[in-house]
Amino acid sequence: MNGIAKKENASIREMIDQNQRGNLLRGKIERLIPIFLMLLASLSILTTIGIIWTLFSETFEFFRRVPFVDFFTGTVLKPLSQNPEFGVLPLLMGTVTSSLIAMMVAAPIGLMAAIYLSEYASPKVRKVVKPALELLAGVPTIVYGFFAFTFVTPLLREFIPGLQATNILSPGIVMGIMIIPMIASLSEDAMSSVPRSMREGAYGLGATKLEVTRRVVIPAALSGIVASFVLGISRAIGETMIVTIASGSTKNFTFDITQSMQTMTAYIVEVTGGDAATGSTVYYSLYAVAMTLFVFTLLMNLLARFVSKKFREEY
Amino acid sequence: MTLLHERIKEKPLTIVRNESWAKPIYETNGLNLWYGTSHALKNIELAINEREVTAIIGPSGCGKSTFLKTLNRMVETATDVSISGNVTFKGNNILGKAMPVEILRSKVGMVFQKPNPFPKSIYENVAFGPKVHGIRNKAMLDNIVEESLKKAALWDEVKDRLHKSAYGLSGGQQQRLCIARCLAIDPEVILMDEPTSALDPVSTHKIEELIRSIKNDVTIAIVTHNMQQASRISDRTAFFLNGEVIEEDRTTTIFNNPSDKLTDDYINGRFG
Amino acid sequence: MTLLHERIKEKPLTIVRNESWAKPIYETNGLNLWYGTSHALKNIELAINEREVTAIIGPSGCGKSTFLKTLNRMVETATDVSISGNVTFKGNNILGKAMPVEILRSKVGMVFQKPNPFPKSIYENVAFGPKVHGIRNKAMLDNIVEESLKKAALWDEVKDRLHKSAYGLSGGQQQRLCIARCLAIDPEVILMDEPTSALDPVSTHKIEELIRSIKNDVTIAIVTHNMQQASRISDRTAFFLNGEVIEEDRTTTIFNNPSDKLTDDYINGRFG
Amino acid sequence: MNQLSEQQHMRRTKVRLFTNQFSKVIFMLSAFFGLFVLTVLLVRVVSDGIGSINFSFLTGKLSTQPERAGIMGAILGTFWLMLVVAPVTMFVGVGTAIYLEMYAKKGRLVSFIQTNISNLAGVPSIVYGILGLTVFVRILDLGNVVLAGGLTMSLLILPIVIVASQEAIRSVPNHLGEASYGLGATKWQTIQRVILPSALPGILTGAILSLSRAIGETAPLVVIGIPALLIPFPGSIMDRFTVLPMQIYYWTLDASLVAEYANLAASTIIVLLLTLFILNSTAIFIRNKFG
Amino acid sequence: ACGSDGDEENSSGKNKASAQAGADLEGNVVIDGSGTVYPLMARLAEEYMVNEQENVSVEVSRAGTSAGFKKFLVDNGTDFNDASRQIKDEEASEADSLGIEVKELKVALDGLTFVVNKDNDWATEMTPEQLVSIFLADSTVEKWSDINPDWPDEKINAMGPNENHGTYEFFYESILDKQDMKSTINLQQEYSTLVNLVSEDKNGIAFFGFGYYVNNGDKLQAVAVDFGNGAVEPALDTIAEDGAYADFTRPVFTYLNVNHAKEKPQVKDFAIYVMNNINKFAGETGFAPIPENEAKENISFLEGLK
Ligand SMILES: Nc1ncnc2c1ncn2[C@@H]1O[C@H](COP(=O)(O)OP(=O)(O)OP(=O)(O)O)[C@@H](O)[C@H]1O
Ligand SMILES: Nc1ncnc2c1ncn2[C@@H]1O[C@H](COP(=O)(O)OP(=O)(O)OP(=O)(O)O)[C@@H](O)[C@H]1O
Ligand SMILES: [Mg+2]
Ligand SMILES: [Mg+2]
Ligand SMILES: O=P([O-])([O-])[O-]
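Residue numbers (the numbering used here), protein chains in the order written: chain S, 1 to 315; chain Y, 1 to 272; chain E, 1 to 272; chain D, 1 to 291; chain U, 1 to 306.
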């Protein structure tokens with residue numbers, strides 16, 4: 001028995017040694033795999049280059065026709081009129097206003113929901129509520145747009161008589177609702193990554209849940225929470241369909257949230273109007289606005305990264 | 001031996017009187033604990049005496065930490081925990097609703113295996129407990145912080161950088177800071193879970209010294225995997241295995257004359 | 001400490017010469033290892049003798065696992081590792097480009113602290129190594145699986161459920177399965193990293209038996225935190241502290257007559 | 001607490017406990033607020049839309065006449081779109097994730113790619129629309145066909161697929177890889193035989209979730225240009241197409257032209273949400289069952 | 001400048017054959033342009049595909065007249081561009097320079113309709129001058145009471161389609177006589193938005209094509225216009241060629257790329273179908289029919305193409 005085993009084993013060793021010599025070619029082929037995979041990985045860089053190049057080259061043409069300063073300081077946007085004006089401020093106003101409204105809804109509710117999920121909810125409740133929130137996050141924005149336009153606006157008009165049928169308030173609120181799951185989930189991640197030991201330290205001193213949350217967990221997770229807010233804003237800035245459907249296309253430079261306002265994204269939809277026609281200044285303005293939008297959201301994303309990296313506590 | 005036993009049987013009153021300092025502050029009765037369906041503590045019957053050091057030993061995963069955390073109900077912060085039986089602290093069953101955990105924990109401090117200071121200054125770490133319990137007076141807080149750090153033998157090392165981050169301290173200093181943080185709420189019991197296992201010889205020595213110096217004021221229950229440490233610092237030792245107490249006795253007895261084969265095996269490193 | 005180093009540097013030759021049956025299969029020379037900027041192994045000079053059991057002991061974080069993983073270059077799978085010095089396996093420096101790691105690792109098996117079977121059947125676990133190395137013949141694989149499980153003293157317990165998931169086994173069985181998986185590629189050395197620390201007394205005993213039964217065929221390097229285990233099963237013992245080898249000698253010498261105060265402190269549980 | 005009398009301490013603790021309970025209720029309401037809105041939205045949509053859902057609506061061709069209109073074209077369009085998006089994103093996404101997690105040396109390049117990917121994830125979808133319009137529709141001259149839309153959508157969800165796959169690969173316990181390397185397996189063998197099988201549930205979950213994102217996405221297609229009336233069913237990736245969200249968009253806008261369109265939009269929303277619900281449930285099922 | 005410079009003769013049997021050959025055509029026909037004309041063209045496209053050529057795919061989009069022309073006047077542009085105004089000179093010369101031969105096909109008549117809220121019980125009848133004064137930049141009218149002291153002392157919220165639309169241009173060029181519009185006018189891309197705005201705003205007033213009004217008759221009321229002979233409601237008969245509302249009536253068109261019609265039989269076939277059937281569907285989509293002889297002329301032109 002032992003003898004057989006010995007012999008068998010000897011042959012395993014030999015076979016392995018033999019196979020390994022034959023495997024040299026295989027090894028060479030394997031060395032090509034990372035190169036191929038790297039090519040795939042570089043596609044993402046190519047995408048970025050594509051975006052920047054696409055936006056930049058046409059934006060460049062736009063600024064040859066419309067002075068840079070006029071674009072960024074103009075409060076009137078009349079792209080199609082006989083005497084067109086290309087001030088981007090009305091669009092920035094619409095974008096900023098709707099995003100702020102959204103954040104006023106999403107930040108407190110999202111954060112409190114995150115606190116509930118991370119600190120209070122039993123695993124059973126969490127098991128139900130988290131996927132349900134994910135469902136909320138998975139609702140397409142066009143559906144939210146429909147909801148804002150056909151339900152939230154009429155509902156709000158019951159309470160706010162001056163509210164127009166298309167206005168910035170209702171899509172702002174609905175965008176906020178849309179962003180809640182994102183803020184809740186990112187903040188919850190940040191809070192649950194605060195080590196248990198830190199919480200235990202505080203509980204061990206007789207602190208209540210609220211005190212542990214307020215004095216230990218939130219300060220420790222602050223960078224992640226702030227980052228989730230910034231990403232939320234960025235998401236709101238980039239949101240298109242809700243505002244397109246529910247806020248109309250008035251290029252209003254106003255602080256009145258009961259009015260119709262146009263965001264940068266809705267402007268892009270309006271101008272492309274199903275397909276943009278090449279050549280005109282209006283056509284180029286589309287790219288200038290898209291570039292502004294892109295830079296805006298990029299800065300937000302970088303800020304979020306910076307915040308969560310720079311101010312992350314070293315536990 | 002037999003004689004001794006008989007004498008004890010005859011004179012229980014005398015013994016209690018003799019060892020009157022050994023009054024149990026904690027007693028558990030048929031304590032069972034489950035994480036989900038896994039039975040982590042099985043029918044634990046154990047007393048922890050006031051102003052003694054009780055060591056809890058046993059191989060990894062036997063339930064030492066779980067038991068310790070049951071004593072201040074910290075175990076309940078884990079998910080899906082169920083408990084049956086009684087744990088009395090100074091005669092009150094702490095598992096009932098009668099006593100809010102926050103009050104219990106203000107009387108029972110805890111020190112963990114890995115030092116876990118808050119990401120705040122040294123001062124704020126020590127002042128955290130008193131602040132939570134409503135002490136706002138600055139002078140009083142200053143005083144508590146100083147006293148606690150002194151008791152934890154850390155004052156001299158940190159007095160010049162009280163308002164620097166606690167993360168700048170070495171591992172051993174952090175652990176003493178955590179002990180100071182405990183002492184700041186003037187607890188009656190301190191539970192320690194392998195407080196020196198991540199520390200170097202010098203720090204270990206300091207903490208053992210510290211334990212000796214405070215044990216006249218505070219009851220201490222300490223989990224350790226270092227049997228020599230248990231024998232050096234504890235008065236009584238309980239040996240856990242698979243969620244059960246296999247043996248519990250005076251430390252000298254456990255180490256020199258254990259009555260259970262398993263205890264003997266473990267102490268002599270035949271497993272674990 | 002510096003003195004210590006020098007003393008060790010002088011020693012190895014004498015040892016090798018004196019005990020001519022103890023031919024080193026591994027030798028390290030000025031081995032240094034960094035994780036990023038943290039210096040995890042410092043100037044290690046150590047030999048591991050063929051067909052002996054070498055125990056590596058030391059407190060948590062001292063570099064035991066790191067050293068073990070250097071021997072089959074597994075340590076390089078971590079990110080940002082840099083190594084200097086030499087490690088020779090049967091006279092060849094394995095840190096050079098000369099020997100592909102795959103070949104080295106087919107000769108040097110490894111068993112980890114936590115049993116780590118693949119999420120596959122018992123059979124597939126054992127057959128994994130041979131398959132990876134190009135053995136496809138079903139009868140031969142069957143044979144290898146059976147022999148390996150027998151050597152690991154697991155055959156009788158699993159022969160009726162070879163195609164069931166390995167996760168259905170107990171911890172001790174899983175660990176023996178991992179040893180069987182190693183044996184299936186007929187290694188010359190097996191590296192074991194605290195292979196029994198998560199196991200019960202009976203399983204620990206079984207694995208120690210197993211080590212004894214295979215040590216005639218295979219060289220074994222075993223990391224353990226259980227000093228009695230080291231003294232029971234090893235021929236030589238190396239004591240690590242803070243990334244350095246403080247002392248290395250015959251096991252009986254280390255335990256009965258260590259030449260370094262730190263070794264003595266550690267063995268007698270004054271820290272760790 | 002020696003510094004406070006027992007009574008004071010007790011009283012203060014009661015206040016603290018009450019505050020704790022009270023805020024718990026507030027936090028709970030916040031967590032359930034989203035669910036409440038979701039319920040309202042569903043009730044609203046279902047009550048508007050359920051009436052016009054029937055067999056001929058689901059299988060019929062698009063029409064300007066509400067009673068004749070069907071959404072099979074949009075359903076097939078969505079299907080064809082996914083036929084482009086799914087393979088492209090799986091192949092590129094998983095490949096990229098393997099490269100980043102298993103091969104790339106952690107350094108400047110990797111962290112650059114990583115930053116780049118997470119920035120791409122934050123680029124508004126309408127910008128991808130412009131990219132798709134410029135590159136696929138115009139420069140590559142594909143026109144506004146399924147392939148152009150599909151490639152645009154692929155770029156849009158690629159970052160999500162990459163990140164999800166990376167997480168899935170990263171969450172394969174280290175010790176499995178170590179066991180495989182320890183037996184002398186090469187890197188690719190380890191990836192193929194150990195890492196990918198274990199990561200597969202996570203990868204699939206991420207892929208399904210991002211596909212459902214693509215199914216619900218409207219803005220990029222608005223930019224690329226989808227005809228308001230397109231009756232024939234698409235039959236290949238080179239055909240023009242419409243998808244469910246576009247149909248919802250047009251019918252919502254046209255409700256002022258023909259009031260019944262609002263109900264058709266609601267019905268289409270039901271179909272869309274049901275599709276996404278099934279996909280998401282599948283993903284959650286896979287995650288819970290195998291994850 | 002309406003590009004009717006194609007050769008008029010040549011009505012060969014070959015073309016007839018292809019028109020009557022039933023389901024033997026395939027390929028697609030791409031239509032973009034006016035949102036006003038969209039419902040009519042979409043209806044025709046659908047009927048054509050259902051009843052005539054099921055293998056031809058007619059795609060109808062509606063970017064607006066002007067935006068549509070931009071897509072029409074490029075290489076490989078759209079086949080038809082619907083328009084709620086006539087092609088402009090610069091558009092026609094753009095076509096010439098691209099070598100695109102354009103044929104104007106008048107398809108129907110649309111009455112520019114002013115709509116107000118259902119609850120508006122004062123401004124139900126107005127003169128053209130009053131209407132214009134609401135929109136003109138140079139006018140002082142801000143409130144209803146500025147038009148008629150009996151009317152409410154409330155601000156008028158005037159709105160209309162934006163510059164993408166032919167409706168805007170018709171209003172601007174033919175009704176306002178190219179005088180500037182108030183900058184406060186709420187211009188929208190989507191007609192649905194306008195309908196909603198007015199139906200929910202007691203002080204709202206908007207203008208758009210008659211079709212959008214008839215489809216929303218339950219939500220809006222049209223302003224009857226007094227052109228001098230008493231107030232006239234816009235209706236299918238009043239907006240017809242010589243109807244009482246004719247002053248605010250305009251023809252709507254679709255412009256055909258003749259080169260495409262020559263190259264692609266399905267484009268030509270569809271164009272003929274449109275002219276043959278246009279008057280059948282005009283009424284139900286809110287347009288008045290064009291005179292039969294105009295349709296016939298176009299048909300013979302189309303059939304002559306090859
Ligand atoms: N939060 C938890 N959820 C589920 N099981 C747990 C949890 N904490 C501990 N366990 C399990 O309960 C058992 C006892 O764990 P415990 O941490 O009390 O062991 P221990 O004796 O402290 O071990 P160690 O020496 O490794 O610290 C173990 O099997 C452990 O896996
Ligand atoms: N992948 C890694 N990256 C960075 N540092 C590491 C890594 N692995 C280990 N270290 C560090 O290197 C040092 C040695 O670790 P090692 O795991 O070798 O210790 P050990 O002696 O095996 O400890 P233990 O007894 O806890 O297993 C420790 O300080 C550890 O924190
Ligand atoms: Mg423990
Ligand atoms: Mg280790
Ligand atoms: O959409 P229009 O008909 O106004 O161009």
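Beta carbons: idealized from backbone N, C-alpha and C, even for Gly.
- Remark: fewer than three beta-carbon pairs, one from each stretch, lie closer than 8 Å, so the stretch 246 to 263 of chain S and the stretch 34 to 44 of chain S are not flagged as touching.
- Shown in chain order are the members of the stretch 79 to 109 of chain D whose Cβ falls below 8 Å from a Cβ of chain S: 91, 92, 95, 96, 98, 99, 100, 103 and 104.
- From the beta-carbon of residue 103/Y, the residues of chain S found nearer than 8 Å are 206.
- Contact between the stretch 216 to 227 of chain S and the stretch 105 to 114 of chain Y is absent: fewer than 3 CB-CB pairs across the two stretches fall below 8 Å.
- Contiguous beta strand (DSSP E) elements confined to the stretch 158 to 193 of chain S do not occur, taking only those with 3 or more residues.
- Per the DSSP secondary-structure output, residue 208/U pairs in a beta bridge with 113/U.
- At least 8 Å separates the CB of residue 161/Y from every CB of chain S.
- Residue 117/E places its beta carbon 8 Å or farther from that of residue 171/E.
- Annotation note: the stretch 158 to 221 of chain U contains the following uninterrupted beta strand (DSSP E) runs of length 3 or greater, listed N- to C-terminal: 186 to 188 and 204 to 209.
- Per the CB criterion, closer than 5 Å to any heavy atom of ligand 1, the qualifying residues run in chain order as 35/Y, 40/Y, 60/Y, 61/Y, 62/Y, 63/Y, 64/Y, 65/Y, 66/Y and 78/Y.
- Residue 236/Y is positioned such that its CB atom lies no closer than 8 Å to that of residue 88/Y.
- Counting the other CB atoms within 10 Å of its CB gives residue 192/D a total below 16, which places it among the exposed residues.
- Following the DSSP letters along the chain, one finds residue 34/Y in no alpha helix (DSSP H) but inside the beta strand (DSSP E) bounded by residues 24 to 35.
- Here residue 102/D carries a helix assignment [DSSP, helix/strand/coil].
- Burial check for residue 163/Y: the Cβ neighbour count within 10 Å stays below 16, so the residue is exposed.
- According to the DSSP secondary-structure assignment, residue 248/E is paired through a beta bridge with 238/E.
- Residue 199/U and residue 98/U have their C-alpha atoms some 44 Å from each other.
- Residues of the stretch 210 to 233 of chain E whose Cβ lies closer than 7 Å to any Cβ of chain Y, in chain order: 226, 227, 228 and 229.
- Around the C-beta of residue 164/S, 16 or more other C-beta atoms lie within 10 Å, and the residue is accordingly described as buried.
- Buried is the label assigned to residue 80/D, since at least 16 other Cβ atoms lie within 10 Å of its Cβ.
- Against chain S, the CB of residue 284/D has a partner CB under 8 Å away; the residue lies at that interface.
- Taking a Cβ-Cβ cut-off of 8 Å, residue 44/Y has no neighbours in chain S, whose nearest Cβ is about 21 Å from it.
- Judged by beta-carbon spacing, residue 224/D lies beyond the 8 Å limit of residue 85/D, meaning their Cβ atoms are not closer than that value.
- No Cβ of chain Y is located within less than 8 Å of the beta carbon of residue 191/S.
- CA-to-CA, the gap between residue 183/D and residue 193/Y works out to about 38 Å.
- Between ligand 3 and the CB of residue 193/Y, the shortest heavy atom gap is smaller than 7 Å.
- The beta carbons of residue 231/D and residue 62/D sit about 5 Å from each other, so the pair counts as a contact at 8 Å.
- Per the C-alpha coordinates, the member of 202/E, 24/E, 94/E and 230/E positioned closest to residue 31/E is 94/E.
- For residue 63/Y, there are no neighbours in chain E by C-beta distance under 7 Å, as the nearest C-beta there is about 14 Å away.
- With the criterion set as a beta carbon lying under 8 Å from some beta carbon of chain D, the members of the stretch 111 to 134 of chain E are 112, 114, 116, 117, 118, 119, 128, 129, 132 and 133, in sequence order.
- When DSSP assignments are scanned along the stretch 37 to 92 of chain S, the uninterrupted stretches of alpha helix (DSSP H) that are 4 or more residues long and fall wholly within it turn out to be 68 to 73.
- Here the stretch 142 to 160 of chain S does not lie against the stretch 68 to 85 of chain S, with fewer than 3 beta-carbon pairs under 8 Å apart.
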